[in-house]
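Chains as they are written, first to last, in the working numbering: chain A, 1 to 284; chain B, 1 to 284; chain C, 1 to 284; chain D, 1 to 284.
Cβ coordinates follow ideal geometry from the N, Cα and C atoms, glycine included.
Everything numeric in this text was worked out from a predicted model, so none of it was measured.
See below for the structure under consideration.
As structure tokens, this is what we get:
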């Protein structure tokens, strides 16, 4: 008899790259989605006994994503498709107790109408990926939405002063710097949502507007301002978590060359970088 | 006396990440550029004798990119900035015989005017990077321009039939497939160019239009069509080379699940991939 | 008065790339480490009031990593250096309540002794990165160690049979396949550890041995076998979590070419991929 | 009649990820190779007429790599397999005039013999990839070999002094710095080679030894020293081209913290970076 136990287990299929063309007439639509599936359940025997009894193969998960991609996903919301997938796994396999579906939609932008072929041709966009998590156990289902890879930059109206100075502090204060970041956000819903895509579009716009519209005293302040802007305008949102890497742009010292640099020439650096996160929610 | 010789040498500084903010009044402009410098010259002694006599340090090249980025680069064309850098290296260092400057401009899109802060806030774009090569030896200077990372997809109006069938051929013919590619193009100029940026914008649009506007018999045909479209409309272009990876989207076989898939559900694959190139030029 | 609140916040400096050369005499040692710092504390005012009062700048964190890298890190364990950093942040800044240090050591292999210059020359290794998490609040301190990026492959002695078959299952059973994975593992300690590096080396070897030494009925089984092997041999380990991506190698169908392929020719694919995890621990 | 012409064309299949298991008895061998195929030929009609007459599909190239991977590749040299592929494409398809095969072998290291399962289990290595180019037109065939991704570092015995100082030079001279680089090399052969793998192993070792065994006055000097070492010891090599990025490790200034840093603490940076190349050959 072993003195060890399996205290946690999960498995799934990642990076299912589903492209769905909706061909109702000549004007097509495209959905380009990466789907990750993860399942929890009564699978201890697979780990401890070398038996695969009643365990769904990850290859089956892949097939399921593509099959249900045909039957249950066209122009509807990513969130609803996630619900369909989540329910399917929990309901189909007796030993599956919980499923989590993570979806990322990659943006494509249709060519303008005056381009021949615009009915079926797109240019890859970069306005931020739409991400969704759906998790369910057969009884309840929770949906989170978010955005990822939204790269924004402001060339002024940002500073950082008054911070702690210790023996290891060398950073100069500044009231004029570049602030650049790649926004990652996720939020939960307080209410049922009629139109997830409309909600997502509005939240994305609010975040961009709030990034731009005020003087930034710190990255932290930007997170709070973005979060409260979302909560104020969108009653369906319960709480929002935002993570902002500080994509540093360092002022280049041109003084050795007799050249003045009044925040005009910067070197973009990759590492190290600051990483700031915060969650803003409605008070209970 | 050695029986060996140095038959070729070159060196430089890569990935100089220059961000230039143009601050004439409250409305800023941004230029976000990666600059690679490569020099050729009379530097055999550095290789063979361990002497660094009169060799420019790559660190000096970096400084030069940022210093001249302040004094000679603002809202003008990337090509003209490349010329300034190229001339500088050839003229400044007596042993430098030839310089090649490669510049890539990363696109930023200003926020719409009705966004507070739009004077100084941008969203990262993805409409294709503008690339430039300038090469010179102190007497002549050649400029090539190009675009990179332009990701386009059409969901129909593409096929591939009538190709060679050998013992190793299994590919089925199709007259309806997804065609997706990331366009890389570069072109040389026949004439002096007044406004490089206007030329680049027009060429980029021509390439996108031509990708979309006809039924594609092959990726090769698309290259020829794009190339001739550029040459027809833009007299300043002498020849254009285009390279297109075939970003395969494979139709998923849903028949085992009793589901019909009429080119609606695809799996996007990364490798292996077809890679097609061609150069189209004016006849002499 | 706002109806919103900041329910969670954290921040830090990521990707501090510290290289430490230990120069005691002619024979040098090298430590090549990426350090991520994350702090939690009483910083709500930074988010909500635009005040940076008593907040450590992430730039100061960077300086700290390099300064303490000189004074407190040489040939000792990565875990002990993590403890020093963790304690420093909690003790130095009055508002910091909790710190988490994540360290990854990149392996270098000294040249053999019969190579001139072996005292100070190394070749980059790839036997798996050593990773460490240290987290503390000024009172208690927890240490987790792990390994990452350990890529192993077996060309046989692996199968997958007897799994669930549903309407979406097409996968054939097999008792002979390639099993390839990149092991990620992390473990907690039951006891004080005298020599973390000795422990890490031994655990890494146990995991590799266990991957190789038995017929694999599933990836899950491999996780359990690895985990119990570690717990059996290493009393200092309390529990171990292992995550294994299934780096699929698909048998290529050569039958159309009249060629038999008895598990000799495979195509390595990147996506989609199975991802399996489990935690094994001592029973209470 | 068009005034334009196709002046150059080529196409092929990239990233064919072939894994070949040699199963002669219980002790297996593994070959893990990425193969890129590129063809030139009489294919102008494909570009200009939309006809695919007699053009090999890139999918057929993929099939060919895997089929010939079974019949003509086991424990023999990568170069000989490249020759087989090259000849096949030129001889099989009437319109193919020239083929270039590029192969990269990814290193796997068998587990030590005292590990159960070592007959069929490997750990991914990182001692430098073996790369090969074979190009032929049906009459002649040229073979180049090379290595890639060989990451080496020396913590001293490297300096850089006496370089050009201009108005834009700020770099300090040093006679003690870290020199780190990822070696890329390629070479052509003067003679027929009996055992390509033996030759490759020896050249790789020579390059590593030469990197380590002398004081480096510059990266350039290292290239020359490596190149001549190869030519001196290996009569089968005609010329060798080496490219070395300078993976900068910058000394961190700890003086503000009252800490002396005698080349002990460095920050590893990614960009910008120096890039140096040179070719050394036998005199005619």
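**Q.** C-beta neighbour in chain B for residue 4(C), strict 8 Å
**A.** Residue mapping note: residue 4(C) aligns to position 4 of the third chain, counting from 1. Cβ-Cβ to chain B under 8 Å: no for residue 4(C).
(Q) Counting only Cβ pairs nearer than 7 Å, list the residues of chain C close to residue 256(B). (A) Your numbering for residue 256(B) matches position 256 in the second chain. By Cβ distance, chain C contributes 170.
Q | residue 179(C) beta carbon less than 8 Å from that of residue 154(C) | A | What you label residue 154(C) is simply residue 154 of the third chain in a count that begins at 1. What you label residue 179(C) is simply residue 179 of the third chain in a count that begins at 1. Note that the C-beta distance between residue 154(C) and residue 179(C) is below 8 Å.
Q) Are the beta-carbon atoms of residue 126(C) and residue 218(D) separated by less than 8 Å? A) Mapped onto the third chain, residue 126(C) falls at position 126. Mapped onto the fourth chain, residue 218(D) falls at position 218. Taking a C-beta distance under 8 Å as the contact criterion, residue 126(C) and residue 218(D) do not qualify as a contact pair.
(Q) Can you find the residues in the same chain that come closer than 6 Å, C-beta to C-beta, to residue 151(C), ignoring five residues on each side of it along the sequence? (A) Indexing the third chain from 1 puts residue 151(C) at position 151. Leaving aside the five residues that flank residue 151(C) on each side, the residues in its chain whose CB is nearer than 6 Å to its CB run, in chain order, 182.
Q: Could you check the C-alpha separation between residue 111(B) and residue 246(A) for me, to the nearest Å?
A: One-based indexing of the second chain puts residue 111(B) at position 111. One-based indexing of the first chain puts residue 246(A) at position 246. It is roughly 20 Å from the alpha-carbon of residue 111(B) to the alpha-carbon of residue 246(A).
Q. Per DSSP, what kind of secondary structure is residue 63(D) in: helix, strand or coil?
A. Residue mapping note: residue 63(D) aligns to position 63 of the fourth chain, counting from 1. Three-state result, residue 63(D): helix.
Q | Nearest-angstrom Cα separation, counted from residue 147(C) out to residue 61(C) | A | Walking along the third chain from the start, residue 61(C) turns up at place 61. Walking along the third chain from the start, residue 147(C) turns up at place 147. A straight-line Cα-Cα distance of about 25 Å links residue 61(C) and residue 147(C).
Q: Taking all protein chains shown into account, decide if residue 8(D) is buried (16 or more other Cβ within 10 angstroms of its Cβ) or exposed.
A: Walking along the fourth chain from the start, residue 8(D) turns up at place 8. By the Cβ neighbour-count rule, residue 8(D) is exposed, with fewer than 16 other Cβ atoms within 10 Å of its own.
Q: Spell out whether any CB of chain B is found under 8 Å from the CB atom of residue 285(A).
A: Outside the shown range of chain A (1 to 284) lies residue 285(A), about which nothing can therefore be said.
Q.
Which residue wins for smallest C-alpha separation from residue 258(D), given the options 12(C), 64(C), 233(C) and 11(C)?
A. As a first step, residue 258(D) is located in the fourth chain; it is residue number 258 there, counting from the start. It is 64(C) whose Cα lies nearest to the Cα of residue 258(D).
Q. If you count every other CB in all the chains shown that lies within 10 Å of the CB of residue 227(B), and 16 or more means buried, which is it?
A. Walking along the second chain from the start, residue 227(B) turns up at place 227. It is buried - the Cβ of residue 227(B) has at least 16 other Cβ atoms within 10 Å.
Q. Three or more beta-carbon pairs under 8 Å between the segment 82–93 of chain C and the segment 3–21 of chain B, yes or no?
A. Segments in contact, no.
Q) Using a beta-carbon distance cut-off of less than 8 Å, what residues from the segment 57–75 of chain A approach chain B? A) Per Cβ criterion, the list reads 63, 66, 67, 69, 70 and 71.
Q.
Between residue 130(D) and residue 200(D), how many whole angstroms is the CB-CB distance? I'm expecting something under 8 Å.
A. Taking the first residue of the fourth chain as position 1, residue 130(D) is located at position 130. Taking the first residue of the fourth chain as position 1, residue 200(D) is located at position 200. Residue 130(D) to residue 200(D), Cβ: 6 Å. Contact.
Q) Should residue 17(C) and residue 271(A) be called a contact, given that it needs their Cβ atoms to be closer than 8 Å? A) In the third chain, the residue the question calls residue 17(C) occupies position 17. In the first chain, the residue the question calls residue 271(A) occupies position 271. Taking 8 Å as the Cβ cut-off, residue 17(C) and residue 271(A) qualify as a contacting pair.
Q) Would a C-beta distance cut-off of 8 Å place residue 267(A) and residue 250(A) closer than the cut-off? A) Taking the first residue of the first chain as position 1, residue 267(A) is located at position 267. Taking the first residue of the first chain as position 1, residue 250(A) is located at position 250. Between residue 267(A) and residue 250(A), the CB-CB gap stays under 8 Å.
Q: Taking residue 261(A) as the query, report the chain B residues whose CB atoms sit under 8 Å from its CB, ordered along the chain.
A: Numbered from its first residue, the first chain carries residue 261(A) at position 261. Within chain B, the C-beta atoms nearer than 8 Å to that of residue 261(A) come from 70, in chain order.
Q.
For residue 43(A) and residue 213(C), I'd like the C-alpha separation in whole angstroms.
A. By one-based count along the first chain, residue 43(A) stands at place 43. By one-based count along the third chain, residue 213(C) stands at place 213. Taking C-alpha positions only, residue 43(A) is separated from residue 213(C) by approximately 23 Å.
Q. Mind checking if residue 161(C) is an interface residue toward chain A, Cβ cutoff 8 Å exclusive?
A. The residue you call residue 161(C) lines up with position 161 of the third chain. When Cβ-Cβ separations below 8 Å define contact, residue 161(C) makes contact with chain A.
Q. Under 8 Å, do residue 132(A) and residue 79(A) count as touching if we go by C-beta distance?
A. Locating residue 132(A) in the first chain gives position 132, counting from the first residue. Locating residue 79(A) in the first chain gives position 79, counting from the first residue. Cβ distance < 8 Å, so residue 132(A) and residue 79(A) count as in contact.
Q: Alpha carbon to alpha carbon, how far is residue 73(A) from residue 1(A)? Give it in angstroms, no decimals.
A: Numbered from 1 along the first chain, position 1 holds the residue referred to as residue 1(A). Numbered from 1 along the first chain, position 73 holds the residue referred to as residue 73(A). Annotation note: pLDDT 49 at residue 1(A) (below 50); position unreliable, no value reported.
Q: Using a threshold of 8 Å, state whether the C-beta atoms of residue 39(C) and residue 81(C) are closer than that.
A: The residue given as residue 39(C) occupies position 39 in the third chain. The residue given as residue 81(C) occupies position 81 in the third chain. Residue 81(C) is positioned such that its CB atom lies no closer than 8 Å to that of residue 39(C).
(Q) Determine, for residue 167(A), whether the minimum Cβ-Cβ distance to residues of chain G falls below 8 Å. (A) Judged by its chain identifiers, the structure shown contains no chain G, and its protein chains are A, B, C and D.
Q) Just how far apart, CA to CA, sit residue 35(A) and residue 175(B)? A) Locating residue 35(A) in the first chain gives position 35, counting from the first residue. Locating residue 175(B) in the second chain gives position 175, counting from the first residue. Straight-line spacing of the CA atoms in residue 35(A) and residue 175(B) works out to 29 Å.
Q: Use the C-beta contact count for residue 241(A): other C-beta atoms within 10 angstroms, 16 or more gives buried, fewer gives exposed.
A: As a working note, residue 241(A) is residue 241 in the first chain. Taking every protein chain shown into account, the CB of residue 241(A) has 16 or more other CB atoms within 10 angstroms, so this residue is buried.
Q) Where does the unbroken alpha helix (DSSP H) through residue 144(B) begin, and where does it stop? A) For this step, residue 144(B) is matched to residue 144 along the second chain. Bounds of any alpha helix (DSSP H) do not take in residue 144(B); it lies within the beta strand (DSSP E) bounded by 141–154.
Q: Kindly indicate the opening and closing residues of the beta strand (DSSP E) around residue 8(D).
A: Within the fourth chain, the letter at position 8 stands for residue 8(D). Counting along the chain, residue 8(D) sits inside the beta strand (DSSP E) bounded by residues 4–22.
Q. Using a Cβ-Cβ distance under 8 Å, would residue 271(C) count as near chain A?
A. By one-based count along the third chain, residue 271(C) stands at place 271. Output row for residue 271(C): interface = yes.
Q. Using DSSP with H/G/I as helix, E/B as strand and the rest coil, what is residue 36(C)?
A. For the purposes of this step, residue 36(C) is taken as residue 36 along the third chain, with counting starting at 1. Of the three classes helix, strand and coil, the one that applies to residue 36(C) here is strand, per DSSP.
Q) How is residue 227(D) classed by DSSP in three states: helix, strand or coil? A) In the fourth chain, counting from the first residue as 1, residue 227(D) sits at position 227. The answer is helix: DSSP assigns residue 227(D) an H, G or I state.
Q: Keeping to the same chain, check which residues put their C-beta closer than 8 Å to that of residue 95(A); ignore five residues upstream and five downstream.
A: Locating residue 95(A) in the first chain gives position 95, counting from the first residue. Excluding residues within five positions, the ones whose Cβ falls inside 8 Å are 41, 42, 43, 54 and 55.
Q. Nearest CA to the CA of residue 273(D): which residue from 279(D), 248(D) and 115(D)?
A. Here the question's residue 273(D) lines up with position 273 in the fourth chain. Per the Cα distances, 248(D).
Q: Ignore the nearest five residues each way along the sequence and tell me which others in residue 161(C)'s own chain have a CB closer than 6 Å to its CB.
A: For the purposes of this step, residue 161(C) is taken as residue 161 along the third chain, with counting starting at 1. Taken in chain order, the residues that qualify are 173.
Q: Starting from residue 13(A), find everything on chain C with Cβ-Cβ shorter than 8 Å and list it in chain order.
A: Taking the first residue of the first chain as 1, we reach residue 13(A) at position 13. Ordered by position in chain C, the residues that pass the 8 Å Cβ test against residue 13(A) are 272, 273, 274 and 275.
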